[in-house]
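For the sequence shown, full-length UniProt numbering gives the first residue as 1, with consecutive numbering after it.
For each residue, glycine too, the CB sits at the ideal point set by N, CA and C.
These numbers were taken from a predicted model, which means no experiment stands behind them.
Have a look at the structure below, then the notes.
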Amino acid sequence: MGKLFVWDRFFENIPKILPYLSVTFSIVVYATLFGVLLGISIVLVQIKKIPVLVQIVKVYVSFMRGTPMLVQLMLVYYGIPALFDPVFGTNINREWGAVNFAYVTFILNQGAFLSAIFYSAITSISYGQTEAGLSVGLTEFQTFHRIVLPQMVKTAMPPFGSDLVGLFQNSSLVFLIGVTDIMGRAKTIGTATKHVLEAYVFIVLIYIIISLGVRLLFFRLNNKMSFGKEEMG
């Protein structure tokens, strides 16, 4: 029986795995960008209390925040084809590719979680500040942009950073539906070589380094914004 862990195998796996980090990053980027837009839309529905829609988004947000990421991934991967294929005579699994199901799942998930972060940040700001802005002649947009938005961003920054780290880590689940990201690549290497430990150790290091880097970035951004506020005070 060979050694359980060999450094030569560890370094040989790096160029085999590292290129697939782009797949992981693409999921994180798409989920963040479109999740922010979806989250903002949900917050607008909640603030404006749009009939029917506000009840729908409450159920949606509760479901997405109350169920495991893996369950959501499987529901999207198997549910969308089950709903649309019989009606339109399509084969979405073949036409889309697994990564697109991952995009949809994580965008829906992030929309729910980010809406909760944004809504809490906005509602933490006294409405009296908005009234004050309107009373001095500012439009609603100017009041939001100059008074509400800066405070909202500062309040939302720490939980947004934590959410981003969680998103990056949860993206490791996509290999379960056939997406070849870094986890999927490690699995194929293990299947081919019968040695999995080196590949998974390298992946652990990737997740630790990037997660710590994101946390440090948001920590510094938050400190910078807090410092600027203290200076103005």
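For Leu38, which option in Ser22, Tyr30, Ser115 has the closest C-alpha, if you only look at C-alpha atoms?
-> As a position in the sequence shown, residue 38 is number 38, starting the count at 1. Comparing Cα-Cα distances from Leu38 to each of Ser22, Tyr30, Ser115, the minimum goes to Ser115.
Only counting runs of 4 or more residues, tell me where the alpha helix (DSSP H) segments fall wholly within the region 65-111, in order along the chain.
-> 69-88, 92-96
What is the DSSP secondary structure of Phe5, reduced to helix, strand or coil?
-> For the purposes of this step, residue 5 is taken as residue 5 along the sequence shown, with counting starting at 1. If DSSP states are grouped into helix, strand and coil, Phe5 belongs with coil.
Contact set for Gly35: own chain, Cβ-Cβ below 6 Å, skip 5 residues either direction = Start at 1 with the first residue of the sequence shown, and residue 35 comes out as number 35. These residues qualify, in order along the chain: Ile107, Gln110, Gly111, Leu114.
Following the continuous alpha helix (DSSP H) through Ile50, name the residue where it begins and the one where it ends.
-> To locate residue 50, count along the sequence shown from 1; it is residue 50. Careful: Ile50 lies outside any alpha helix (DSSP H) and carries neither H nor E.
What residue from Val87, Ile27, Arg146 has the CA that sits closest to Glu131's CA?
-> Numbered from 1 along the sequence shown, position 131 holds the residue referred to as residue 131. For the residues Val87, Ile27, Arg146, the minimum Cα distance to Glu131 belongs to Arg146.
Could you tell me how far apart the beta carbons of Ile206 and Leu21 are, in whole angstroms, since I believe they sit closer than 8 Å?
-> For this step, residue 206 is matched to residue 206 along the sequence shown. For this step, residue 21 is matched to residue 21 along the sequence shown. 7 Å between Cβ atoms; contact.
To the nearest angstrom, how far is it from the Cα of Ser126 to the Cα of Ser120?
-> As a position in the sequence shown, residue 126 is number 126, starting the count at 1. As a position in the sequence shown, residue 120 is number 120, starting the count at 1. About 12 Å.
Between the beta-carbon of Val179 and the beta-carbon of Val99, is there less than 8 Å?
-> By one-based count along the sequence shown, residue 179 stands at place 179. By one-based count along the sequence shown, residue 99 stands at place 99. Yes, the pair counts as a contact, with Cβ atoms nearer than the cut-off.
Is it true that the CB of Leu197 sits closer than 8 Å to the CB of Phe5?
-> Within the sequence shown, numbered from 1, the residue matching residue 5 stands at position 5. Within the sequence shown, numbered from 1, the residue matching residue 197 stands at position 197. In contact: Phe5 and Leu197 (Cβ atoms closer than 8 Å).
Assign Ile189 to one of two classes, buried (16 or more other C-beta atoms within 10 Å of its C-beta) or exposed (fewer than that).
-> The residue given as residue 189 occupies position 189 in the sequence shown. Flag for Ile189 reads buried.
Roughly how many whole angstroms lie between the Cα atoms of Met183 and Phe63?
-> Stepping through the sequence shown from its first residue, residue 183 is reached at position 183. Stepping through the sequence shown from its first residue, residue 63 is reached at position 63. Near 27 Å, if we compare the C-alpha coordinates of Phe63 and Met183.
Does the pairing of the region 46-61 with the region 155-163 give three or more beta-carbon distances under 8 Å?
-> no
Roughly how many whole angstroms lie between the Cα atoms of Leu18 and Val174?
-> By one-based count along the sequence shown, residue 18 stands at place 18. By one-based count along the sequence shown, residue 174 stands at place 174. Approximately 16 Å, taken between the alpha carbons.
Closest Cα partner of Leu167 within the set Ala31, Gln129, Asn13, Trp96 = Looking up residue 167 in the sequence shown gives position 167. It is Ala31 whose Cα lies nearest to the Cα of Leu167.
Counting only runs of 3+ residues fully inside the region 186-217, write out the beta strand (DSSP E) ranges in chain order.
-> The qualifying runs do not exist here; there are none.
For Thr139, does the count of other Cβ atoms within 10 angstroms reach 16, so buried, or fall short, so exposed?
-> The count along the sequence shown starts at 1 and reaches residue 139 at position 139. It counts as exposed.
From what residue to what residue does the alpha helix (DSSP H) around Leu167 run?
-> For the purposes of this step, residue 167 is taken as the residue at position 167 of the sequence shown. Leu167 -> alpha helix (DSSP H) spans 149-170.
Inter-residue Cα distance where the pair is Met232 and Ser41 | As a working note, residue 232 is residue 232 in the sequence shown. As a working note, residue 41 is residue 41 in the sequence shown. Summary for Met232: the model assigns pLDDT 41, below 50, so the residue's position carries little reliability; its value from the coordinates is reported in the next sentence. Cα-Cα distance, rounded: 32 Å.
Work out the CA separation of Ile92 and Ile80 for me, nearest whole Å.
-> If you number the sequence shown from 1, residue 80 lands on position 80. If you number the sequence shown from 1, residue 92 lands on position 92. Their Cα atoms are separated by approximately 8 Å.
Distance, Ile177 Cα to Asp85 Cα = Here residue 85 corresponds to residue number 85 of the sequence shown, with the count starting at 1. Here residue 177 corresponds to residue number 177 of the sequence shown, with the count starting at 1. The C-alpha of Ile177 is placed about 18 Å away from the C-alpha of Asp85.
Closest by C-alpha distance to Ser226, when choosing among Thr105, Met152, Ile203 = Indexing the sequence shown from 1 puts residue 226 at position 226. Of Thr105, Met152, Ile203, the residue nearest in Cα terms is Met152.
Are Thr118 and Val61 touching if we call contact CB-CB under 8 Å?
-> Counting from one through the sequence shown, the residue named residue 118 turns up at place 118. Counting from one through the sequence shown, the residue named residue 61 turns up at place 61. This sequence places Phe at residue 118; Thr is not what is there. Between Phe118 and Val61, the gap from beta carbon to beta carbon reaches 8 Å or more.
Which whole-angstrom value is the C-beta distance of Val214 and Leu164, which I expect to be below 8 Å?
-> Numbered from 1 along the sequence shown, position 214 holds the residue referred to as residue 214. Numbered from 1 along the sequence shown, position 164 holds the residue referred to as residue 164. Their Cβ separation, rounded to whole angstroms, is 6 Å, which keeps Val214 and Leu164 in contact under 8 Å.
The alpha helix (DSSP H) enclosing Tyr127, as first and last residue numbers = Taking the first residue of the sequence shown as 1, we reach residue 127 at position 127. 127-135 is the span of the alpha helix (DSSP H), which, as asked, contains Tyr127.
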